[in-house]
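Asker: Chains as they are written, first to last, in the numbering used here: chain Z, 1 to 635; chain U, 1 to 458; chain D, 1 to 485; chain W, 1 to 112; chain E, 1 to 166. Backbone N, C-alpha and C define an ideal beta-carbon position, used for all residues, glycine too. Keep in mind the model is a prediction, meaning the values are calculated, not measured.
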Amino acid sequence: MKNIIEYVWLVPLFPLVGFLLNGLLRNSLSKSLTGIIGSGSILASFIVSVLIFLDVKAGIDGPVIVTLFDFISFEDVSIPFAFQVDQLSSLFLLIITGIGFLIHVYSVAYMHEENSSHFARYFAYLNLFVFSMLLLVLGSNYVIMFIGWEGVGLCSYLLIGYWFKNIEYSNAARKAFVMNRIGDLGFLLAVFWLIGRIGTVNFGEVFSKVDSLSSLDLTAITMLLFIGATGKSAQIPLYTWLPDAMAGPTPVSALIHAATMVTAGIYMIARSNILYTMAPTTQTVVMVVGLATALLAATIALKQNDIKKVLAYSTVSQLGYMFIALGVGAYTGAVFHVMTHAFFKALLFLGAGSVIHAMHHEQDIRNMGGLSKKLKTTHLTFLVGCLAIAGIIPFSGFFSKDEILAAAFMKNPIVWALAAIGALMTAFYMFRLYAMTFLGKFRGTSEQEHHLHESPPAMTIPLVILAVLSFAGGLVGIPEVLMHDSHSLAKFLEPVFAESNRISVPHHPDHTTELLLMFGLMAVIAVVIFWAIGKYKKYEKTPEENTGFARILENKWYVDEIYEALIIRPVNAFGKMLGKFDNFGIDWVVNGVGRSVQYASRQIRLLQSGQVGSYVLLMVIGMIVLFALQVFLKK
Amino acid sequence: MNAIILSAILGVILMFSGIFLTSKTAIRNIATAGMALLLLANIAEQGGFLLFDVNTHNMLVFSKFGLLFNSIAFSATLLFFLVSAKDITNVGINAAEYFALIFFISCGIAIVSSFNSLLLLFLGIEIISIPLYILTGSDKRNLKSNEASLKYFLMGSFSTGIMLLGIALVYGAKASFSMEQMHSSINAGRNAWFYSGLLLVLISMLFKVSAAPFHFWTPDVYDGAPTVFTSFMATIVKAGVFIALVRLFDMSFVGSGYDWQLIIAIVTAATLFIGNITAIFQQSVKRMLAYSSIAQAGFMLFGVFSQNDFSREGIILYTLGYSLATIGIFAVLIKMKDYTFEGFNGLARTEPVLAATTTIFLLSLAGIPLTIGFFAKYFMLASAVKSGSHLWLVIFAILCAAISVYYYFRVIQSMYFKTGQAETEPVTPVFRWLLAGMAAAVIILGIFPNLVLQYLYF
Amino acid sequence: MVPVLLILIPLITGAALFAVKQEATAKSIALLATLLSLALMLAGMSGYIDAAQMTFNQPWLGGINSRFHFALDGMSQLLCLLTTLSFPIIIYSTWNNQYDDSNRFYGLVLLSQAGLLGVFMALDALLFYFFWELALIPLYFLCSRWGGERRIQVTIKFFIYTFIGSLFMLIGLIMLYFKAGGSFAWSDFLNLKMTSGQELGIFLMLAIAFAIKMPLFPFHTWQPDTYEQSPTAVTMILSAIMAKMGVFGLLRWLAPIVPSATFLWGDNFATLAVIGMLYASFIAMRQDDLKRLVAYSSIAHIGLMILAIFAPSYSGIQGAMIQMFNHGINILGMWIVVNVIEQKFGTRKISELGGLAQKAPVLTILLVIVALANIAMPLTNAFIGEFMMFNGVLGSTATKFGLAYTIAALITIILSAVYTLRMIQRVFYGETNELTSKATDISFNVKLSLAIIVVGIILIGVFPKPLLSLTSEVSADILGRMNLK
Amino acid sequence: MPINLYIFVALALFCIGVIGVLTRRNAIIIFMCIELMLNAVNLLLVAFSKMHLAEMGNAAPALANNGTDAQLFVFFIMVVAAAEVTVGLAIIVMMYRNTHSVDVNFLNRLKN
Amino acid sequence: MNITQILFWFLTVLAIGSSLMVITSRNPVYSVLSLIVTFFALSGHYILLNAQFLAIVNLIVYAGAIMVLFLFVIMLMNLNAETEPQKNKWLRFAGIIAGGCFLLVMVAALRDADSRAATAMTTYGETGLIQHLGKVLFNEYVVPFEISSVLFLSAMVGAVVLGKKE
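1. From Z:Ser-486 to Z:Phe-492, what does the alpha carbon distance come to, in whole angstroms?
2. Closer than 6 Å by C-beta to D:Ile-9: which residues in its own chain qualify, once you throw out the five before and the five after it? Chain order, please.
3. Considering just the uninterrupted stretch of the alpha helix (DSSP H) at W:His-52, what are its terminal residues?
4. Who are the Cβ neighbours of U:Ile-4 in its own chain at under 7 Å, not counting the five residues just before and after it?
5. Of the residues U:Arg-190, U:Thr-271, U:Met-288 and U:Val-285, which one's Cα is nearest the Cα of U:Phe-305?
6. Rounded to the nearest angstrom, how far is the Cβ of Z:Leu-466 from that of Z:Leu-102, given a contact under 8 Å?
7. With 16 as the cutoff for other CB atoms within 10 Å, does W:Asp-69 come out buried or exposed?
8. In the DSSP output, which residue or residues are listed as bridge partners for D:Asp-289?
9. How is D:Pro-259 classed by DSSP in three states: helix, strand or coil?
10. Smallest Cα separation from D:Ile-267: which of D:Lys-400, D:Trp-186 and D:Ser-183?
11. In whole angstroms, what is the alpha-carbon distance linking E:Ala-117 and U:Ser-71?
12. Could you check if E:Met-1 is buried or exposed, using at least 16 other CB atoms within 10 Å of its CB as the buried criterion?
13. Is the Cβ-Cβ distance between Z:Gly-327 and Z:Gln-363 less than 9 Å?
14. List the residues of chain U that Z:Phe-226 touches, going by C-beta distances under 8 Å, in chain order.
15. Does the distance from the C-beta atom of U:Pro-226 to that of U:Ser-145 stay below 9 Å?
16. With distance defined between alpha-carbon atoms, name the residue in Z:Ala-330, Z:Leu-475, Z:Phe-632 and Z:Ser-455 nearest to Z:Ala-406.
17. Any idea if U:Gly-240 is buried or exposed, counting beta-carbon neighbours within 10 angstroms, 16 or more meaning buried?
18. Pull out every residue of the segment 7-26 of chain W whose Cβ sits closer than 9 Å to any Cβ of chain E, in chain order.
19. Closest by CA to U:Leu-101, which one among E:Gly-158, E:Ile-96, E:Thr-119 and E:Ala-63?
20. What residues from chain U crowd round W:His-52, counting only those whose CB sits closer than 7 Å?
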């Protein structure tokens with residue numbers, strides 16, 4: 001029997017089959033069958049992924065390339081449709097299929113109100129998304145990665161606009177797609193640049209030829225790739241689509257806009273780590289952008305009242321942390337945070353989904369409160385998620401965030417300080433959210449209160465599993481300072497980042513400093529948490545509005561408005577103007593030629609006066625002219 | 001020579017037939033048969049069979065080219081008789097005389113297609129012109145016809161005066177009227193007389209082919225003349241004069257060291273411009289066709305302009321294509337009760353065959369491929385490109401050709417795309433078949449122009 | 001023999017249809033004829049027919065040395081396949097449209113097919129010109145006779161505009177004819193020794209014809225009007241196939257024949273193409289009429305092909321070839337949808353529509369896929385073409401501005417997403433209104449037509465290899481002639 | 001006499017004819033002016049005939065270029081002129097019958 | 001100045017003067033008469049050039065037949081003096097200018113250095129005699145001569161067609 005890795009194409013195949021079945025037969029399948037196909041296909045992928053992961057863990061000799069067929073080839077450029085299995089991709093396979101499966105299961109219950117045709121459509125989209133995401137991480141070259149890259153963007157578009165009757169939702173979907181597209185073009189340009197310079201896009205060949213690229217090329221390529229990443233991973237300046245993307249069903253937010261798709265940018269940079277290591281300018285840019293995003297999103301999250309919006313901005317903020325990690329060269333840390341973030345953010349979103357489900361699609365936390373009594377499982381798991389994201393030891397978020405902060409500290413203490421402030425804000429807004437939702441007393445309508453109920457097991461079981469993972473997931477990366485040689489993730493990923501690490505050897509702060517920073521920060525976080533809980537436990541609805549800085553934060557720094565005024569409106573006006581110009585400018589000229597011919601016709605016609613005398617006169621004048629010409633021309 | 005003598009004899013025969021025959025049909029049949037005979041005689045001469053042995057003292061030279069043209073002109077006339085003979089007899093009571101005059105004109109055409117002396121050119125042109133003055137005025141009760149006739153006559157005589165002055169000057173320089181002496185070195189110094197004389201002759205010929213700025217008579221005369229004669233004038237006669245012009249050029253201007261190309265280029269451009277531009281605004285199809293004939297003359301002038309093998313082939317083809325199409329259109333026009341564009345509205349519904357054939361003729365005039373008109377224009381443009389100078393003229397010509405599409409297609413638009421009840425005179429099935437045959441010829445020759453051109457290669 | 005049959009089948013059938021009086025029969029005969037030519041084309045391409053039968057070379061005009069010379073190389077095969085594939089789809093998808101005098105309608109449609117096929121196969125310049133016009137005339141009649149309210153003015157403008165271009169081309173071809181020592185053969189046009197002035201003159205003459213036909217900014221203004229006013233079946237022919245005549249002309253009759261002028265003037269035309277792409281995309285964003293929107297988007301897409309040809313490289317040229325096919329079937333899909341909407345609701349105004357997704361889910365799904373292809377989503381056919389073209393433009397050694405062109409052109413990709421999604425949103429999403437609330441889903445013929453297109457889109461998008469190998473040889477050839485290889 | 005004098009006289013007469021055509025409205029007068037133009041040409045031809053005779057001398061009377069053909073040409077011009085007058089006056093009379101005028105300015109039904 | 005020159009100038013002045021009368025006199029009858037005078041002057045020129053045949057034919061055909069025909073027509077139509085309305089002043093002016101320009105241009109075009117010395121043989125030369133002309137006419141010029149009969153035929157037919165009352 002061949003190695004299971006050779007069958008890696010099965011992993012994306014199952015979701016694809018699921019997509020086709022659900023999509024084509026959506027009118028004839030029953031809901032339960034749809035659910036089984038949808039979830040089952042992901043489960044099958046998960047099982048294969050686990051087998052592959054085990055195989056990889058058991059040790060492979062460098063990345064394994066599985067070529068399916070020749071995709072595009074011209075001249076001497078050949079782009080195969082091939083998959084690459086190595087430590088990084090196998091890890092992502094697990095995250096995607098694992099969390100994906102849980103969310104599929106969760107969705108079966110969450111979406112049960114939809115009629116069967118739309119229900120099938122939902123699962124078809126979801127399966128298609130998983131398929132695209134798998135392509136993204138499995139692709140053995142930038143083009144296949146780009147296919148997945150755009151594919152996930154498409155699925156995100158489809159799922160955000162899932163309730164297409166609502167024009168607001170479809171606006172959000174369009175916004176997401178277009179902003180992603182802007183980033184994608186950067187990616188695409190980088191691909192063209194690579195082809196132009198070294199004639200290949202296959203990861204292995206690109207990385208081995210990295211020395212032949214000039215530093216300008218490297219900077220350009222990495223910057224362009226990073227532009228792609230800002231779009232997909234919602235960084236400044238292209239982050240505004242992600243909060244709006246919460247228009248989609250909550251499980252979608254959990255899967256796509258928290259756990260998987262938005263981390264594609266991190267995956268891509270981690271995959272191309274060697275390029276970035278060779279381009280320090282870009283690295284700095286990545287770090288600065290990541291830091292700025294982390295802080296900006298965190299400030300906005302402080303004042304949001306929509307349960308999903310808070311989580312969305314928190315996602316943006318956490319993604320910022322991952323980019324800080326990438327920017328300072330802590331690739332392992334970034335991947336680690338991707339993993340833990342996937343656990344706890346999926347958990348938080350699913351928890352929020354459970355709350356929303358219970359509240360009959362109420363999302364405003366000012367109308368919640370005291371839900372801990374009715375939604376026990378949800379409450380507990382949500383709390384785990386909050387603790388994890390806040391970075392309380394030994395929850396998973398602690399380890400990954402600590403690794404990033406430690407690396408940032410080594411780069412520059414100011415970066416650490418700013419990131420730490422961000423972490424404090426994270427703790428604050430998460431527990432503000434927690435307190436307003438679950439503590440205090442219920443502030444919604446009595447009808448809502450009457451219907452409050454815990455979600456069905458299909459929803460709670462995934463919550464529990466994710467809670468466990470959020471709690472324990474960090475244990476694969478215990479820092480050296482706490483336990484010697486137990487960072488098994490770093491060891492596992494070592495081959496992927498070996499070259500980068502060789503070029504710029506990662507420094508670790510000495511143990512005392514690290515411990516001091518670690519626990520000093522945690523102490524402050526703890527204080528912040530208690531402050532937040534205390535402050536918002538007794539929250540009462542007040543009619544008065546926020547003023548001053550709070551208002552700016554509530555309105556998200558007015559970034560959407562600025563974009564609207566600076567880009568969207570001028571572009572629309574420009575389009576309108578050009579449209580006018582086309583009709584009254586260019587076409588006027590074209591028609592003007594016709595008109596002037598007609599005008600000339602009207603005028604010249606008058607020469608034909610009907611008078612013999614004038615005819616002869618004109619003839620004589622013509623003769624005179626011809627003779628004059630002849631005399632003039634005579635040599 | 002066959003054609004010249006026979007056509008004169010036939011003219012006389014028809015003249016007398018008016019006295020002895022009262023039946024218009026009989027006259028018509030005689031005329032048609034006579035024209036067929038004339039055509040046969042000319043074809044016989046092409047094959048080397050001469051009916052008469054006449055010593056012309058080198059005043060007439062019967063070239064292959066001229067004879068082929070004669071055949072084409074006579075076949076066109078035959079076709080014209082076939083589709084329109086009935087309308088000729090309807091113009092007035094003097095049917096036989098009209099046919100006689102047309103035969104005399106044919107005689108004139110045969111003369112100018114083979115003249116070798118300026119005297120014969122002059123006589124030929126006059127033999128063509130004088131009967132035309134009469135035919136133009138043949139609708140005696142119609143003031144428009146009278147007016148057209150008088151205008152044509154006055155201006156035609158004026159141009160005759162110009163031509164004579166030119167011939168006199170040429171004679172002064174070369175001491176001979178013979179075309180062969182045009183390049184003789186006798187009195188080579190008197191080029192100023194020679195060139196001025198040639199220019200004057202050229203101007204009067206340009207007048208006859210209605211080139212701008214000597215075209216002014218054309219719209220009025222074509223418009224005022226009985227439509228059936230307009231058809232004849234605009235096609236066969238004009239082509240005949242063109243052949244004379246080409247011959248004249250061939251034998252005098254070319255190689256004379258005289259830089260005539262610019263003058264011809266200017267005239268050509270002016271003709272194309274005036275013809276096409278003015279045609280746009282016309283409301284009457286007949287008058288539009290008059291202007292279009294000016295525009296077509298502009299294209300034919302390319303044959304004069306470039307003077308190479310392409311232009312000679314082209315002018316033959318152009319003559320054929322233009323005559324076929326124009327005769328066809330006029331044949332339809334005669335049947336229309338209203339000559340304005342509105343009068344054609346909805347013709348496709350009432351008379352689909354007429355509309356379809358007219359469309360094909362118009363496409364041919366516009367020079368659209370798959371019709372003979374395309375090859376006609378193609379050869380003209382190619383000859384100009386080949387001559388290599390004055391490329392701006394070619395560009396100008398194609399812009400004008402594009403303009404011409406506008407007014408030709410106006411007729412098509414009226415017939416097909418506008419609603420209305422176009423009224424026509426009663427149309428016989430034979431007439432329809434004839435038109436269909438002509439349309440088919442336009443297309444077949446448009447795909448295989450070699451059917452005609454091969455006669456020029458042997 | 002294959003080329004001759006390909007032309008004769010529609011030609012003869014088309015002419016014969018004028019005599020058929022029953023409308024239903026006429027329609028069926030037309031469909032059968034187009035299917036027959038498709039079958040012949042497929043048989044020819046798949047190798048069932050002897051390769052020698054794929055060319056035809058007989059004397060035509062002895063005196064001027066022009067021949068009936070047709071051949072089917074890779075590019076011709078691709079475009080003929082597009083033509084033969086499109087026509088049955090066009091006829092079948094508009095099966096329920098009612099035309100008066102439908103026998104004439106379908107007759108003219110078939111005649112135009114004959115013309116288009118001839119254009120793509122001719123290897124003799126005069127023959128090429130012949131078919132170039134032959135394709136135009138029936139379309140003029142179709143638009144003028146069965147078009148919208150302003151059809152007469154609009155189509156005469158269209159006709160004269162393109163006719164001017166054609167005549168310029170004719171002059172250019174005649175000049176080449178004399179340069180080639182009196183031959184119209186394409187092969188004789190290659191490797192002519194000309195001064196740069198002559199070459200430039202010929203280049204401009206030919207380029208203007210192609211620029212008007214494609215159309216290239218700023219010669220495009222006939223196009224939105226004509227697309228809008230024509231009956232949709234005709235619009236399909238115009239945009240799916242006839243617009244490709246210009247691009248094909250660039251590749252076959254311009255770039256290899258006057259390479260150094262193409263090289264010298266490449267930047268000018270490439271700049272125009274880029275401006276046109278941006279221009280059309282911006283305008284498309286504000287269009288309310290579906291037909292005009294698709295028309296402007298088509299200008300933008302064609303602009304990219306022009307750019308790829310004037311900033312040439314192997315991948316760009318090959319991409320342009322493939323994209324001709326892809327764009328053809330994609331835009332066909334768009335028009336089918338537009339036709340369905342127009343037939344159903346009697347309006348093409350985006351602002352008057354909405355909520356169709358609830359009433360016509362199948363249509364929506366199929367349209368979305370076509371629209372995704374239109375915005376060059378990966379795994380759709382357009383991605384392959386545009387990927388290669390962008391790559392080619394950036395990597396072109398013929399221009400210094402490859403990067404600027406690429407970036408500017410990439411912006412149109414964003415804009416295309418903006419206007420396409422806006423259209424989908426306004427027409428299909430949201431709540432239904434009075435007009436759309438009674439809508440039903442599409443009939444079987446439309447479903448099948450769109451399904452064929454969608455299958456084609458995805459098949460090529462996933463496995464473009466056949467198209468690539470079909471065009472690789474001819475791309476290399478063209479590039480070699482342009483001295484860029 | 002110097003040939004230039006003849007040329008000048010002939011041209012003067014010709015141009016007087018032209019001016020007459022341009023300035024008069026009476027169709028008959030216009031026609032007479034055209035006759036005047038023809039006569040100017042006749043004079044020129046005869047003068048040329050004698051010029052060539054003078055240059056060739058009487059030596060070769062049989063040769064065509066001793067001026068004989070020009071005088072014959074004048075003869076033919078007179079023939080044609082006579083024919084033209086016949087037709088022209090017929091047309092004018094016909095016109096007069098219908099309109100009772102020979103004023104060419106009234107001939108403006110056909111224009112544009 | 002010998003007698004030939006005197007005669008030449010006399011005839012020239014007469015011809016030009018009377019031809020000017022043709023175009024200026026307001027009475028058509030006077031115009032006809034002036035034209036006849038012009039023709040006489042031209043005949044004088046012909047005689048001076050020893051072209052006796054043409055001189056006689058000119059008198060018989062032109063001054064005799066043709067001009068009498070004109071006179072008949074004018075009298076038939078009863079076109080008295082002052083019946084002809086004057087043309088627009090500007091058009092007349094333009095006509096005169098154009099005619100004058102034409103004369104100027106022609107003279108300019110015909111200036112020919114080589115021909116300054118050339119003269120037309122006056123009073124001598126056999127060519128203009130009827131015997132000589134007749135021989136050539138009926139030998140070499142017989143074809144045009146016959147062809148001109150066609151011209152006459154058509155003119156005759158035309159006159160009949162146009163003149164005949166319907």
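Answerer: The relevant details are as follows:
1. Here the question's residue 486 of chain Z lines up with position 486 in the first sequence. Here the question's residue 492 of chain Z lines up with position 492 in the first sequence. Near 11 Å, if we compare the C-alpha coordinates of Z:Phe-492 and Z:Ser-486.
2. Here residue 9 of chain D refers to the residue found at position 9 of the third sequence. Within the same chain, D:Ile-9 has close Cβ partners Ala-33, Leu-36 and Ser-37.
3. Residue 52 of chain W sits at position 52 when you count from the first residue of the fourth sequence. Segment 27-56, the alpha helix (DSSP H) holding W:His-52.
4. Here residue 4 of chain U is taken as the residue at index 4 of the second sequence, counted from 1. Exclusion of the five residues before and after U:Ile-4 leaves Cys-107, Ala-110 and Ile-111 as the residues of its chain whose Cβ lies within less than 7 Å of its Cβ.
5. Within the second sequence, residue 305 of chain U is the residue found at index 305, counting from 1. By alpha-carbon distance to U:Phe-305, the top candidate from U:Arg-190, U:Thr-271, U:Met-288 and U:Val-285 is U:Thr-271.
6. The count along the first sequence starts at 1 and reaches residue 466 of chain Z at position 466. The count along the first sequence starts at 1 and reaches residue 102 of chain Z at position 102. Going by Cβ atoms, the distance from Z:Leu-466 to Z:Leu-102 rounds to 6 Å, so yes, they are a contact pair.
7. Here residue 69 of chain W refers to the residue found at position 69 of the fourth sequence. Taking all protein chains shown into account, W:Asp-69 has 16 or more neighbouring C-beta atoms within 10 Å of its C-beta and is therefore buried.
8. Within the third sequence, residue 289 of chain D is the residue found at index 289, counting from 1. BP columns for D:Asp-289 point to D:Lys-349.
9. Here residue 259 of chain D refers to the residue found at position 259 when the third sequence is read from its first residue. DSSP places D:Pro-259 in helix when its eight states are reduced to three.
10. Position 267 of the third sequence, counting from 1, holds the residue named residue 267 of chain D. Here residue 267 of chain D is Asp; the residue named in the question, Ile, does not match the sequence. Out of D:Lys-400, D:Trp-186 and D:Ser-183, D:Lys-400 has the C-alpha closest to the C-alpha of D:Asp-267.
11. Start at 1 with the first residue of the fifth sequence, and residue 117 of chain E comes out as number 117. Start at 1 with the first residue of the second sequence, and residue 71 of chain U comes out as number 71. Going by the C-alpha atoms only, they are around 49 Å apart.
12. Counted from its first residue, the fifth sequence places residue 1 of chain E at position 1. Around the C-beta of E:Met-1, fewer than 16 other C-beta atoms lie within 10 Å, and the residue is accordingly described as exposed.
13. Numbered from its first residue, the first sequence carries residue 327 of chain Z at position 327. Numbered from its first residue, the first sequence carries residue 363 of chain Z at position 363. No, the Cβ-Cβ distance between Z:Gly-327 and Z:Gln-363 is not below 9 Å.
14. Position 226 of the first sequence holds residue 226 of chain Z. Neighbours of Z:Phe-226 on chain U: none; closest Cβ ~53 Å, over 8 Å.
15. Numbered from its first residue, the second sequence carries residue 226 of chain U at position 226. Numbered from its first residue, the second sequence carries residue 145 of chain U at position 145. With a cutoff of 9 Å on beta-carbon distance, U:Pro-226 and U:Ser-145 are scored as near each other.
16. As a working note, residue 406 of chain Z is residue 406 in the first sequence. A check of alpha carbon separations from Z:Ala-406 across Z:Ala-330, Z:Leu-475, Z:Phe-632 and Z:Ser-455 identifies Z:Ala-330 as the nearest.
17. Position 240 of the second sequence, counting from 1, holds the residue named residue 240 of chain U. Residue environment analysis places U:Gly-240 among the buried positions, since at least 16 neighbouring C-beta atoms fall within 10 angstroms of its C-beta.
18. When C-beta distances to chain E are compared with 9 Å, the residues of the segment 7-26 of chain W below that value are Ile-7, Phe-8, Val-9, Leu-11, Ala-12, Leu-13, Phe-14, Cys-15, Ile-16, Gly-17, Val-18, Ile-19, Gly-20, Val-21, Leu-22, Thr-23, Arg-24, Arg-25 and Asn-26, in chain order.
19. As a working mapping, residue 101 of chain U is identified with position 101 in the second sequence. Ranking E:Gly-158, E:Ile-96, E:Thr-119 and E:Ala-63 by CA distance to the CA of U:Leu-101 puts E:Gly-158 first.
20. Counting from one through the fourth sequence, the residue named residue 52 of chain W turns up at place 52. When 7 Å is used as the limit between beta carbons, W:His-52 is near these residues of chain U: Ala-175, in chain order.
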